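Enquirer: Chains as they are written, first to last, in our numbering: chain A, 5 to 545; chain B, 657 to 1185.
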Amino acid sequence: MAEEYDLIVLGGGHNGLTCAGLLAKAGWSVCVLERRHNIGGGCATEEVTLPGFKHNIHSQGHVSINTGPIYKTLELEKHGVRYVHPDPTWATVFKDKTGLLLCRSVDQTCDSIAQVSKKDAKTYRDFYNRFESLRQLYVASWYSPPLPPSKIFSVLEGTRDGQLLLQMWNASCKDIVNGFFESEKVKVWIMIISMQGGNLLDLYGVGAYIPILFTGMHTKPWGVCVGGSRQLAEGLQKAVEAAGGVVRKNAHVSKINVENGRAVGVTLEDGTFIKAKHAVASNTNVKATFLDYVGEEHCDEEFLRMVRAYLPDEVAPFTPHFALNEAPQYLASKNCPDVQKACFVGWGCENLHEMQMHANDIRVGIPSKIVPGCSISTTVHDPTQAPPGKHTAFVWQYAPFHLAEGGAERWASFKEEYGDHVQKVWCEYAPNMQGDNVLARYCYSPLDISRTTISMFEGSMNHGHCSPNQMGIFRPFPGWSHYRMPIQGLYLVGSSAHPTGGVTGAPGFNAAGVIADDNKLTKWWWRPGKSYSTEPAGRRR
Amino acid sequence: MAEKTEYDVIIVGGGHNGLTCGALLARAGLDVLVLERRHNIGGGCCTEEVTLPGFRHNLHSQGHVWMVRGPVYRALQLDKLGVQYVYPDPVYAMVFRDGRSLCLYKDLDRTCEQIAQFSKRDADAYREHYQRFEALRRLVISSWYAPPLPPSKLFASLEGTEDGMRVLQMMNMSTERVCHELFEDEAVKAWILLLAMQGGNPLDLSGTGVWLTVLVSGFHERPWGICVGGSRQLAEGLQKALEAAGGTVRKQAHVSRILVQQGEARGVELADGTRYAARQAIASNTNPIATFTELITPEHSDAAFLRKVKNYQADDMSLFTPHLALNEAPRYTASAGNPDVQKAMFVGWGQETVDEMHQQFNAIRLRQLPESVGGMSIAPTVHDPTQAPPGKHTAFFWQFAPFEIGDSAAAWDREKEAYADHCLEVWRQYAPNMNAENILGRYIYSPLDISRNTISMFRGSQMHGSVGPHQMGAFRPFPGWSGYRMPIKRLYLCGGSTHPCGGVTGAPGFNAAGVIADDVGVKKWWLRA
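Here you go:
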């Protein structure tokens, strides 16, 4: 007789594990199936250069998972998940050897800004004071299914700050920095980090990200997961197992079995059928779920149209990882010593004009010569990630997945050359990032991402573009933003569902709530008074 | 008799919106004065002999559609006041280097036949899209002729249905994305995007996508028309309507100040010192930047408001427009395949792929002259011979361009002739007779020239300000002030920087007239019961 579970989770990324952990503790038998030899998906830590050097090949700074509801409810601390929170969180360094700091303290941050512009420092403080409360509202909205825009807007329309936030929402990040700040350095400092969300500077409809991000970094700063990002996944696995769940690695699902419009289980590549009594939760993206695992024959045409139209991220990270003797030494640290203590360090771009050139290049498929790099040397903050006294570091550079010359495949032959260029730019700011100091390098290209983590199709770190037409109730598409899919018993629990990618655990958390509702399980993790509607907006009838 | 110096309503700027607002209020019984800085009224509805005598060139607006379809034309009975339109068919044709062409006819079936030559699937998609969103299109258009709804209301009305949700999603998409979802053929995509671009939207940015749906509707219900005698005839007709109701239009009357006392707009002062008092209202047809930083001294506004004014953004792209006096109209090579190309109102050429369009936007964002030229051309005289001497022709095309080249708008004065040569070379690839012998005269109208001639179009903004989603609807010109009333009492905005936006719709003027009528307490006679 076939193996049988109440819930099967396809994919052992942090969202799948979160969903499984919550439902296992609610009393269900659960089984998480991971294709790779390691769980974690984007929470991946691997020794890709030399033994003992642990590289976080995707996610690095975590904020929402450890400050949102998941860390506490699943007792991740008990399961060995710990964070350090470097201060400053963010520094940007410039060619003239100056640096700008984002510290946990608003005062210190304003002091840093005041060195280039007193007016901008004042604006920044004003910004923080005005939007902190709205940020809380926004972040809270991540941990429940998306609200219809009319509801969100009617809440915000009532106040002046709310109206302004709504206007920012519709603007581009470039509009926001140009409208509020005067110093080019301040603009670049804000822009490089804002871009880490995966959107280009001139995209309309994402401007509210700036006030939300920047207010957040003072109250809930980004943390580095001790031991590497995969420790988060390991902790989640322990939570699943502690509640009686099963996590199986090297278990490659080949299809989701559908009978009479209902998901009844999955079949592994070796032919094994595993039965799902109540639900199948797919942690991969919506495209793979329906085109690869469910099969087109089980979907209607309009639904398939939307699946096919679902867009990958506009940018993909190109990430050289380094094994180092010593951490990067920034020239700017002479004027601004705290640069060396920052969690993230940005460099490579001196003005918005260059950032626009970088964005333009990506849109026409060119790996840009401009490198608005976001780098981190994790081992400065957590020495356990390298052999004693040694260091790791990496930089994120955004690039197109499809290259105008040679397509995506060209990354295989081109990545080392591009890595050389990125490294050369880094050396202009941190001259020790070359020669004997570099023990080894591993270039992780957009193509590699799509091969290693198949959910990140076309190098999509967010499992799909975070443009406004694919966010909120439009994620993944109108009418299907509430984790339930048109096949009964099938749910989407990964980042192609609301709110989006990143290490938030929110899609898995929200999906667990919906699955619990549908199966009359007690949402033991839900605090009273925090109820929400799981009725979909504009659902097709 | 001494000149009259007191009116009920003074309107600053004699563009078509100011005149619309003035004419409606005059017929409501108010004593209205319109003051125009230039020697001619019309603003963007402007027809001038800039090349040779007898050649009448429409420097800004050309095809009008919403003005005639919306309520203004009928309410003011403009047809009886000499405002006539001709409606060429096809409305639009795109020609390709290989001699193919794609015509957009008034008739939906004929248009679909044209598309089917490129892709049968795309023809079906076009028809389906057109029919599916007909009702919603009407809703969008009718929303233009009323003050903007709060977004929550607008959204709530759409969230209930599947089609409504799709419209909401498209509102958040980019035009290009909507196009990619609908069509498969590269030529069909270029054909529709080149036309959609004319709204002044950067097609590759999110938040512009519903425009494609709204735009397409125009053609098969009531297509774009050419104003007989030139675009300024529309303004002349509006002036007649205003004067027939007892209003006054004064040209070469350069308002230099709006006079504010005790938080109320009380009158205006001209550059020559003349003052006019306004008993009830002053409506500014220019943009908020000019209104609040030049016409009104800053001490009358609070800092938060002035910051919004300062942050009001110019159009993302400006227009570069060579105007030509011709012996004969452009003759397109592609007319060998379909003679109707010669009869089309707009003829598009130059950018045959979406990539070429990207190159254009990229160049504009870096303040460089785009090498990639996507011309949208018209020879109005093919449809209305009165705009040139007998047997002769005029023609022009639009190309999008940055307001500044590098860091300098002044560079346009040096660069414009050479850039026009580059564009003309591209045009000749499609219409070989656009050569030196055929061109009798030319006048190159640059983004800088736009901003000099029509000061409301600051930084070359044909739409009076960016039409990105953060400056539309309830956010135009800024949050909290989208209802035409301004923080200074009795002061209103009535131009393209208010909802819905620029373009020849008459809607900002129409809506502002409604708000003023409400505040003053006169009857909105133009509303049907």
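We put the CB at the ideal spot given by N, CA and C, even for glycine. This structure is a prediction, so every number in the text was calculated from the model and none was measured.
Grab me the residues of ALA970(B)'s own chain with a C-beta within less than 8 angstroms of its C-beta, minus the 5 sequence neighbours each way, in chain order.
Expert: Walking along the second sequence from the start, residue 970(B) turns up at place 314. Contacts found: PHE1059, PHE1114, ARG1115, GLY1116, SER1117, GLY1121 and SER1122.
Enquirer: Can you list the residues of chain A that GLY1136(B) reaches, using a CB-CB cut of under 7 angstroms?
Expert: Counting from one through the second sequence, the residue named residue 1136(B) turns up at place 480. Correct list: ARG164 and GLN167.
Enquirer: Please confirm if LEU824(B) has its CB atom under 9 angstroms from at least one CB of chain A.
Expert: What you label residue 824(B) is simply residue 168 of the second sequence in a count that begins at 1. Closer than 9 angstroms to some Cβ of chain A, the Cβ of LEU824(B) qualifies, so yes.
Enquirer: Going by DSSP in three states, TYR75(A) sits in which element: helix, strand or coil?
Expert: Numbered from 1 along the first sequence, position 71 holds the residue referred to as residue 75(A). TYR75(A) falls in the helix class under three-state DSSP.
Enquirer: List the residues of chain A whose Cβ lies closer than 8 angstroms to the Cβ of GLN1015(B), in chain order.
Expert: As a working mapping, residue 1015(B) is identified with position 359 in the second sequence. Within 8 angstroms Cβ-Cβ: VAL368.
Enquirer: Is the stretch 61-79 of chain A touching the stretch 251-262 of chain A in the sense that three or more CB pairs, one from each, lie closer than 8 angstroms?
Expert: As far as the Cβ criterion goes, the stretch 251-262 of chain A does not touch the stretch 61-79 of chain A, which means the pair count is below three.
Enquirer: Around the C-beta of VAL88(A), are 16 or more other C-beta atoms found within 10 angstroms, so that it is buried, or is it exposed?
Expert: The residue you call residue 88(A) lines up with position 84 of the first sequence. It is exposed - the Cβ of VAL88(A) has fewer than 16 other Cβ atoms within 10 Å.
Enquirer: Does the Cβ-Cβ distance between MET750(B) and LEU681(B) come in under 9 angstroms?
Expert: For the purposes of this step, residue 750(B) is identified with residue 94 of the second sequence, where counting begins at 1. For the purposes of this step, residue 681(B) is identified with residue 25 of the second sequence, where counting begins at 1. No. Outside cutoff.
Enquirer: Based on the DSSP secondary-structure assignment, which residues constitute the bridge partners of LEU980(B)?
Expert: In the second sequence, residue 980(B) corresponds to position 324, counting from 1. In DSSP, LEU980(B) forms a bridge with ALA1051(B) and ARG1098(B).
Enquirer: Provide the residue(s) that pair with ILE556(A) in DSSP beta bridges, ordered along the chain.
Expert: Past the edges of chain A, shown from 5 to 545, lies residue 556(A), and the structure says nothing about it.
Enquirer: Kindly indicate which residue of LYS736(B), PRO1156(B), ASN1091(B) and GLN740(B) has the alpha-carbon position closest to the one of ILE882(B).
Expert: Position 226 of the second sequence holds residue 882(B). Of LYS736(B), PRO1156(B), ASN1091(B) and GLN740(B), the residue nearest in Cα terms is GLN740(B).
Enquirer: According to DSSP, LEU14(A) sits in a beta bridge with which residue or residues?
Expert: Along the first sequence, one-based indexing puts residue 14(A) at 10. Note: LEU14(A) sits in a beta bridge opposite LEU37(A) and SER286(A).
Enquirer: Contact criterion: CB-CB distance below 9 angstroms. Does GLU692(B) meet it with respect to chain A?
Expert: By 1-based counting over the second sequence, the position of residue 692(B) is 36. Output row for GLU692(B): interface = no.
Enquirer: Take TRP193(A) as the anchor and find which of HIS18(A), CYS431(A) and THR102(A) has the nearest alpha-carbon.
Expert: As a first step, residue 193(A) must be located in the first sequence, where it is residue number 189. Here the closest residue by C-alpha is THR102(A).
Enquirer: Can you grab the Cα-Cα spacing for the pair LEU926(B) / HIS910(B), in whole Å?
Expert: Here residue 926(B) corresponds to residue number 270 of the second sequence, with the count starting at 1. Here residue 910(B) corresponds to residue number 254 of the second sequence, with the count starting at 1. In a straight line, the C-alpha of LEU926(B) is about 5 angstroms away from that of HIS910(B).
Enquirer: Within the same chain, show all residues whose beta-carbon is closer than 8 angstroms to that of HIS695(B), passing over the 5 residues directly before and after it, in chain order.
Expert: Stepping through the second sequence from its first residue, residue 695(B) is reached at position 39. Excluding residues within five positions, the ones whose Cβ falls inside 8 angstroms are LYS907 and GLN908.
Enquirer: In chain B, which residues lie less than 7 angstroms from ALA313(A) when you measure between Cβ atoms?
Expert: Numbered from 1 along the first sequence, position 309 holds the residue referred to as residue 313(A). Near ALA313(A) (Cβ distances below 7 angstroms), the residues of chain B are GLU837.
Enquirer: Within its chain, find whatever has a CB closer than 7 angstroms to the CB of CYS114(A); leave out the 5 residues flanking it on each side and keep chain order.
Expert: Walking along the first sequence from the start, residue 114(A) turns up at place 110. These residues qualify, in order along the chain: ALA125, TYR128 and ARG129.
Enquirer: So, for PRO807(B): in the same chain, excluding its five sequence neighbours on each side, which residues have a beta-carbon less than 8 angstroms away from its beta-carbon?
Expert: The count along the second sequence starts at 1 and reaches residue 807(B) at position 151. GLY1129 and ALA1130, listed in sequence order.
Enquirer: Taking buried to mean at least 16 other C-beta atoms within 10 Å of its own C-beta, is ASN60(A) buried or exposed?
Expert: As a working note, residue 60(A) is residue 56 in the first sequence. The residue in question, ASN60(A), is buried, as its Cβ has 16 or more Cβ neighbours within 10 Å.
Enquirer: Can you tell me which of the three DSSP states ARG822(B) falls into?
Expert: Numbered from its first residue, the second sequence carries residue 822(B) at position 166. Helix.
Enquirer: Using the rule of at least 16 other Cβ atoms within 10 Å of the residue's Cβ for burial, across every protein chain shown, is PRO1156(B) buried or exposed?
Expert: In the second sequence, counting from the first residue as 1, residue 1156(B) sits at position 500. PRO1156(B) is buried by the Cβ-count criterion.
Enquirer: Have a look at the DSSP bridge pairing and note the partners of ARG931(B).
Expert: To locate residue 931(B), count along the second sequence from 1; it is residue 275. Partner(s): GLU925(B).
Enquirer: Suppose you measure from the CA of THR1110(B) to the CA of ALA1057(B); what does that come to, to the nearest Å?
Expert: Position 454 of the second sequence, counting from 1, holds the residue named residue 1110(B). Position 401 of the second sequence, counting from 1, holds the residue named residue 1057(B). Their backbone Cα atoms lie some 17 angstroms apart in a straight line.
Enquirer: At 8 angstroms on the CB atoms, spell out the chain B contacts of HIS467(A), in chain order.
Expert: As a working note, residue 467(A) is residue 463 in the first sequence. None at all; the shortest Cβ gap to chain B is about 18 angstroms.
Enquirer: Buried or exposed: ASN983(B), going by 16 or more other Cβ atoms within 10 Å of its Cβ?
Expert: In the second sequence, counting from the first residue as 1, residue 983(B) sits at position 327. Looking at its Cβ environment, which holds fewer than 16 other Cβ atoms inside 10 Å, ASN983(B) is exposed.
Enquirer: What residue range does the alpha helix (DSSP H) around TRP722(B) cover?
Expert: The residue you call residue 722(B) lines up with position 66 of the second sequence. Taken as a continuous stretch (DSSP letters only), the alpha helix (DSSP H) holding TRP722(B) covers 722-725.
Enquirer: Does any residue of chain A have a CB that is nearer than 9 angstroms to the CB of LEU810(B)?
Expert: Within the second sequence, numbered from 1, the residue matching residue 810(B) stands at position 154. Yes, because at least one Cβ of chain A sits closer than 9 angstroms to the Cβ of LEU810(B).
Enquirer: Got a sec: is the Cβ-Cβ distance from TRP528(A) to anything in chain B below 9 angstroms?
Expert: In the first sequence, the residue the question calls residue 528(A) occupies position 524. TRP528(A) does not count as touching chain B.
Enquirer: Are any of the Cβ atoms in chain A nearer than 9 angstroms to that of ALA901(B)?
Expert: Working through the second sequence from its first residue, we reach residue 901(B) at position 245. Not an interface residue.
Enquirer: Helix, strand or coil for ALA331(A), going by three-state DSSP, please let me know.
Expert: Mapped onto the first sequence, residue 331(A) falls at position 327. It is coil, neither helix nor strand.
Enquirer: Could you confirm whether any beta carbon from chain B is found closer than 9 angstroms to the beta carbon of PRO225(A)?
Expert: Position 221 of the first sequence, counting from 1, holds the residue named residue 225(A). Not one chain B Cβ lies under 9 angstroms of PRO225(A).
Enquirer: Measure the beta-carbon distance from GLY1139(B) to GLY671(B) and round it to whole angstroms, keeping in mind my assumption that it falls under 8 angstroms.
Expert: In the second sequence, the residue the question calls residue 1139(B) occupies position 483. In the second sequence, the residue the question calls residue 671(B) occupies position 15. That belief does not hold up - the Cβ atoms of GLY1139(B) and GLY671(B) are roughly 20 angstroms apart, past 8 angstroms.
Enquirer: Counting only beta-carbon atoms, is HIS1155(B) nearer than 9 angstroms to chain A?
Expert: As a position in the second sequence, residue 1155(B) is number 499, starting the count at 1. Closer than 9 angstroms: no.
Enquirer: May I ask you to list the residues that DSSP assigns as paired with PRO324(A)?
Expert: Start at 1 with the first residue of the first sequence, and residue 324(A) comes out as number 320. DSSP lists CYS447(A) as partners of PRO324(A).
Enquirer: Are there 16 or more other CB atoms within 10 angstroms of the CB of PRO1164(B), so buried, or fewer, so exposed?
Expert: Counting from 1 along the second sequence, the entry for residue 1164(B) is found at position 508. With 16 or more other Cβ atoms within 10 Å, it is buried.
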